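Residue numbers (the numbering used here), protein chains in the order written: chain A, 1 to 697; chain B, 1 to 338; chain C, 1 to 160. The beta carbon of each residue, even a glycine, is placed where N, CA and C say it ideally should be. Small disclaimer: the values here were computed from a predicted structure and weren't measured.
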Amino acid sequence: MTELLEPRAIGRDTVRRDGEAKVRGTATYAIETPVQHPAYVHPVQATVPLGRITGIDTSAAEAIEGVVAVLTHENAERLASTDDREFAVLQSDEVAFRGQVVAVVVAETSELARQGADAVEVTYAEQPHDSALRVDHPDLYKPEKINPSFETDTAEGDVAAAMATAHVTVEETYSTAMYHNNPLEMHATTALWDPSAEVPLTLWDSTQGVHPDRAAVCEVFGLEQEQVRVICPFVGGGFGSKGTPHAHVFLATMAARAVPGRPVKLGLTRQQMFSLVGYRTPTIQRMQLAADRTGRLQAIAIDVVEQTSRIKEFAEQTGVPTRMMYASPNRRTTHRLAALDVPVPSWMRAPGECPGMFGPEVAMDELAERLGIDPVELRIRNEPERDPETGKPWSSRNLVQCLREGAERFGWADRPPAGHREGAWLVGTGVASSVYPTMRQATSTARIRYEDGRYVAEIGAADLGTGAWTVLPQIAADALDVDEGDVEVRIGDTRYPIASVAGGSSGTNTWGSALTVAAREFRTKFGRSPADGDEVSGDVDQASKDDAHAAYAFGAQFVEVRVNVDTGELRVPRLYGVFGAGRIINPRTARSQLLGGMTMGLSMALHENSVWDTRLGQVANHDLAEYHVTVNADVGDMQAHWLDEHDPYVNVMGSKGIGEIGITGTAAAVVNAVHRATGIRIRDLPVTLDKVLTALP
Amino acid sequence: MKPFAFARPADAAEAVATVATEPRAVFLAGGTNLVDHLKLGVARPDLVVDVRRLTSREITDTADGGLRIGAAVTNSELAADRRVRERYPVLAQALLAGATGQLRNLATTGGNPLQRTRCVYFQDVSTPCNKREPGSGCSAVGGYTRYHAILGTSAALPDPTAPETCIATHPSDMAVALAVLDAQVQVLGPAGARTIPFAELHRLPGDDPSRDTVLEHGELITAIDLPPLPAGARSAYRKVRDRASYAFALVSVAAVVADGEVRLALGGVAHKPWRASRAEEALRGGPVADDAVRHAMDVELTTAQPQPGVDGGNGFKIPLVTRTVVATVRDLTQETQA
Amino acid sequence: MRLTCTVNGSPQQVDDVWEGESLLYVLRERMGLPGSKNACEQGECGSCTVYLDGTPVCSCLVAAGQAEGREIGTVEGMATEESLHPVQQAFLDAGAVQCGFCTPGLLVATDDLVTRSLAAGAPPEDAEIREALAGNLCRCTGYEKILDAVKLAAQRMAAR
């Protein structure tokens, strides 16, 4: 058990510290880095899904006045490490997926770089490719581990026997679509290679972690950490796609090294992002639920089929939430992958939990319907006392309270009957649970210095719009026991001590822990009246990590859906979420994070769908005109609330992480509401009007 | 982007002459579609001729009680015009259902009907497309067809390699309203001025999917005329799309209901704004109850060819467009009775 | 060409502009005004929204050749050194800013909406706001706080 920080600055709804620069338009993003006389880099992408480059003619591009260099696999530098085949750019004539970069053009302006890229002539020997995911794909295999290091399969008891004898069963297959993170800021890197400088390589990269970014670049180019600096004060969103570097970071570095002393800028286009910066795999989820007549689960199982790329494995941990969500004596989870000729899948907001709370939470609704039990009550009846998977007690688990408070706020008890009609609209309501694990990374260091009468804390963390610039000073202030205004926190630069990636909703938990350790060290060493320049560093305290409890944030989402009786158009006038996510550091930034997650969940439910063209091996709708994300007009009354939750086991702040839980369960709640409105059960996302047409009067 | 020259002629006649003498020249008005296509490499002209200021930006009353809309009038200005809102609600509604405020502020009356298809393959220069590159084939057939045509598609279907094959739709909402209003298009060309009935402006793919309209090279739209609607006529535009706003139509309906007459134009279903003349004929003089409209749409859709595709195809458009027409006509009829 | 136009109230001249470049490119790359963002460069996200002769447009779709002689207003022109524009302040206060990338375009679009609505006699209604800002994609906030910010801005601007 940890004694939590006494909250003084923590819990206050301070205005975002980076906000003024952002509303003034003066916050500088990676591509905007003011550098002298930059050159611009534009990639050339493969137009075949599988094959070899048989010829690459760069002469026309090189003949364009203003083209500085054209790099291909024939002339690009050999990399120190090609173990990661996503990072091993321009190293061979192999094309492993359509859209892979086969050349880059460096030119005086971005327009010229594009023109040059158009002029590069590439010929291919195309080979037959396989990019179609299907549940019976002959090459499905069992990965060794699933992301990041979970067991691939788990089993306890006998699911088949329970299914054969239970009072009620549900056995259905659900699927989620392919999704692209699509942060508003397109991925971009500004790079400078100056061999004469003390730190020869500087990257201004849009990344969720300057230190992990640097580590990858050092590995690939055979550089020492001291030779590379990565800077990233502001990130225009990431949602996981900037959680690991992608090919363009290495291409920008390579281009910079080809024009020593001259900065280069590489900004991907929106279309290029659909093949080069990761995506969430489509998933196929076969669910089995068995229950007795009171609704107690006798079995719960999920068998997941999803895809990865041929050149790099990413195994989405879709079945993981099924392992711990509800009590059941018989349980099974499995994951099987098809390695296809497709771009490399990667992290996207709540990997695992986001797709993995779709099938199970719709199946629970189907079970409730078959049992004639209220779906809120069904979930409450299956509340496990301990983590079913590990047997550990919960650090805190307030799913039931979230469900009850949500039901109260939403008016669940008075919800209209199934098939209720108001004018031209069928009205339905639905519920689903949310969950996300509470994580803290092993490595992060904070440095605190007393400087000009203020406390300056430095940590190489990242703020991708999440609020780190704002909440870290709140935590540091409480840890130092000073006013928030006396603290300045600096992040986003590898000159500051190592920090973990902003991912897994672990940033605040991890960096805040390091800050607290450093603050306590500082006070121990220098007391309350430090001298100018006094400085200490503190690491995340591994000894204080609690392994005795299972730690998760929980939530419940309630949704009202309206379906037009004539056209099937879907509207969501209300979406309420209640979360038990530990202590909220800053209500203003937290609410925005939770609402943003829920909106992305709504977007997943109704809109998002990277339509895979199996013939071409690419996403057909690869721009923001056709890849629909929820717009303002799609949103109605949306509310995010939280419980006053005190968890003494997770970390010294008592925080659980709020960046991802909001997106989990939302899509299931929408599907469940659509069923209540129309009688149609849609098991494949997104829910579009064509899927409900047949149910309309 | 491929380099091109840029001309800013002094008047419309000079613009027409400039384009007419350069085979790879194009007019630029609002730019919302062309500038995008220049960047994507979909449009690769040698010369771009700016006509934004060269045609009228006025909306004037005509002697027959209609309106003449200058080609430079923006979509925002047109939608906000009191006469348009009162006399032609179908047009105002269609305009406001299209794109966003930022785009409607740029888009013009002359340019909007000439926007090109949003077929994802047309916009992707790495894939074959008969419309973009005549003779290269059609990638849409059997591909992502959710936004594609079910009516008036080429006879070569389903052969994706035939040079005639094209299942693109015309994306303009405004054009569907203009089709139902029997608008007239005023055109200035190298051979002088002419008037084209709006219904004849756009083409079906036929044997040349690369041509969207009957305009000859160098012909510039200078104005669009709206004839008056019959006294007591009601009109409306209904757009059905995948988002509540800011999305192209899956299907759309422009309808005019007057005494003994129903006029219907459909969007999202064909290579051009589709005037549902068979359905209109079936409804002429008779009752316009739901059943009658449904029957009329069955007649209209007898030749419909739903397209299979990688995302389930677009067969849903057949019931969807019928349901949308029935609801739109019903609303207008009830409005009339009320 | 030599492009002559007015940006945020000041006359500007830029040489060697190619007419085919976008206005967004000219602002960001040639005039040192990176406040307007590029997030799709095809008019699908609203991040590049600027005033052009008083109406908001997607600057990524305006050819530089068409900007000649016109008046342009960007996010950089909204605040003074001392104080923020009420729309900017409202976005801050309401917590409507997260990653900040959609923010500059939204601020311009909001200023236009609120100004027009107040001129017509009433602050904008919720549904009107949601429709008017449908062209400004935000991936972080979920729009709820943006709605709050617009209403707050309208309230403050009406009181002025």
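Practice task
Determine the chain C residues that contact B:T32 at a beta-carbon separation under 8 Å, and present them in chain order.
Solution key: G43, C58 and L61
Practice task
With DSSP collapsed to three states, give me the class of A:Y179.
Solution key: strand
Practice task
Assign C:T138 to one of three DSSP states: helix, strand, or coil.
Solution key: The question names Thr, but residue 138 of chain C in the sequence shown is Cys. When DSSP states are grouped into helix, strand and coil, C:C138 belongs to the coil group.
Practice task
Please go through the same chain and pick out, in chain order, the residues whose beta-carbon is closer than 8 Å to the beta-carbon of A:G679, but skip the five residues on each side of it.
Solution key: Annotation for A:G679: A418, G419 and A695 place their beta carbon closer than 8 Å to its own, counting only its chain and skipping 5 residues before and after.
Practice task
Run the CB neighbour count on B:S277, radius 10 Å, all protein chains shown included, and call it buried at 16 or more, exposed below.
Solution key: It is exposed - the Cβ of B:S277 has fewer than 16 other Cβ atoms within 10 Å.
Practice task
Could you pull out every unbroken beta strand (DSSP E) segment of at least 3 residues lying fully inside the stretch 316 to 393 of chain A, listed in chain order?
Solution key: 330 to 340
Practice task
Tell me where the beta strand (DSSP E) around B:Q305 begins and ends.
Solution key: B:Q305 -> no beta strand (DSSP E), and no H or E assigned at all.
Exercise for the section: For A:G278, count neighbouring Cβ atoms within 10 angstroms of its own Cβ and tell me buried if that reaches 16, exposed if not. Expected result: Buried, because 16 or more other Cβ atoms sit within 10 Å of the Cβ of A:G278.
Practice task
State yes or no: is the beta carbon of A:E569 nearer than 9 Å to at least one beta carbon in chain B?
Solution key: yes
Exercise for the section: At 3 residues or longer, and completely inside the stretch 226 to 274 of chain B: list those beta strand (DSSP E) runs for me, N to C. Expected result: 234 to 241, 249 to 258 and 261 to 267
Exercise for the section: Report the three-state DSSP secondary structure of A:W511 (helix, strand or coil). Expected result: helix
Practice task
Say whether chain C places a C-beta atom closer than 9 Å to the C-beta of B:G111.
Solution key: no
Exercise for the section: Quick one: list the residues of chain C neighbouring A:G236, beta-carbon separation under 7 Å, in chain order. Expected result: Under the 7 Å cutoff, chain C gives C99, G100 and F101.
Exercise for the section: Could you tell me whether the Cβ atoms of C:S22 and C:P104 are closer together than 9 Å? Expected result: no
Problem - Reduced DSSP category for A:N632 - H, G, I as helix; E, B as strand; rest coil - result: helix
Exercise for the section: In angstroms with no decimal places, state the Cα-to-Cα distance between A:R681 and A:A667. Expected result: Each residue's Cα considered, the two are about 13 Å apart.
Problem - Where the alpha helix (DSSP H) through A:T165 begins and ends - result: V159 to T165
Exercise for the section: Check each residue of the stretch 11 to 22 of chain C: if its Cβ is closer than 9 Å to any Cβ of chain A, include it; give the result in chain order. Expected result: Result list: W18, G20 and E21.
Exercise for the section: Indicate whether at least one CB of chain B lies closer than 9 Å to the CB of A:D637. Expected result: Judged by the 9 Å Cβ criterion, A:D637 is not in contact with chain B.
Handout entry: Burial state of B:E335 (16 or more Cβ within 10 Å)
Key = exposed
Problem - Among B:S56, B:V90 and B:R85, the one whose alpha carbon lies nearest that of B:T108 - result: B:S56
Practice task
Using 10 angstroms around the beta-carbon of A:K242, count the other beta-carbons present and answer buried if the total reaches 16, otherwise exposed.
Solution key: buried
Problem - Contacts of A:A27 in chain C (Cβ-Cβ under 7 Å) - result: G100
Practice task
Kindly say whether A:T589, judged by its beta-carbon, lies nearer than 9 Å to any beta-carbon of chain C.
Solution key: yes
Practice task
Have a look at A:D136, A:L340, A:N181 and A:S92 and flag the residue whose alpha-carbon is nearest the alpha-carbon of A:P128.
Solution key: Comparing Cα positions, the closest option is A:L340.
Exercise for the section: Measure from the C-beta of B:M297 to each C-beta in chain A and report whether the shortest distance is under 9 Å. Expected result: no
Practice task
Keeping to the same chain, check which residues put their C-beta closer than 7 Å to that of A:V259; ignore five residues upstream and five downstream.
Solution key: A39, V68, A69 and V106
Practice task
Kindly indicate if chain B contains any beta-carbon less than 9 Å away from that of A:H335.
Solution key: It does not: the Cβ of A:H335 has no partner Cβ on chain B nearer than 9 Å.
Practice task
Anything in chain B within Cβ reach of A:L276, meaning under 9 Å, just list it in chain order.
Solution key: Neighbours of A:L276 on chain B: none; closest Cβ ~14 Å, over 9 Å.
Handout entry: B:P319, DSSP secondary structure in three states
Key = helix
Problem - CB contact below 9 Å: C:C40 versus chain A - result: yes
Practice task
Leaving out five residues on either side along the sequence, give the residues of the same chain with a beta carbon under 6 Å from the beta carbon of C:G95.
Solution key: K145
Problem - Residue-level contact to chain B via CB, C:A79, 9 Å cutoff - result: no
Handout entry: C:L133: contacting residues in chain E (beta-carbon distance under 9 Å)
Key = Within the model displayed, chain E is absent; protein chains A, B and C are what it includes.
Handout entry: Collapsed DSSP secondary structure at A:E484 in the structure displayed
Key = Three-state DSSP puts A:E484 in a helix.
Practice task
Decide if the stretch 105 to 113 of chain C is in contact with the stretch 594 to 611 of chain A; the criterion is three or more beta carbon pairs, one per stretch, under 8 Å apart.
Solution key: The stretch 105 to 113 of chain C, when compared against the stretch 594 to 611 of chain A, does not touch it at the 8 Å Cβ threshold.
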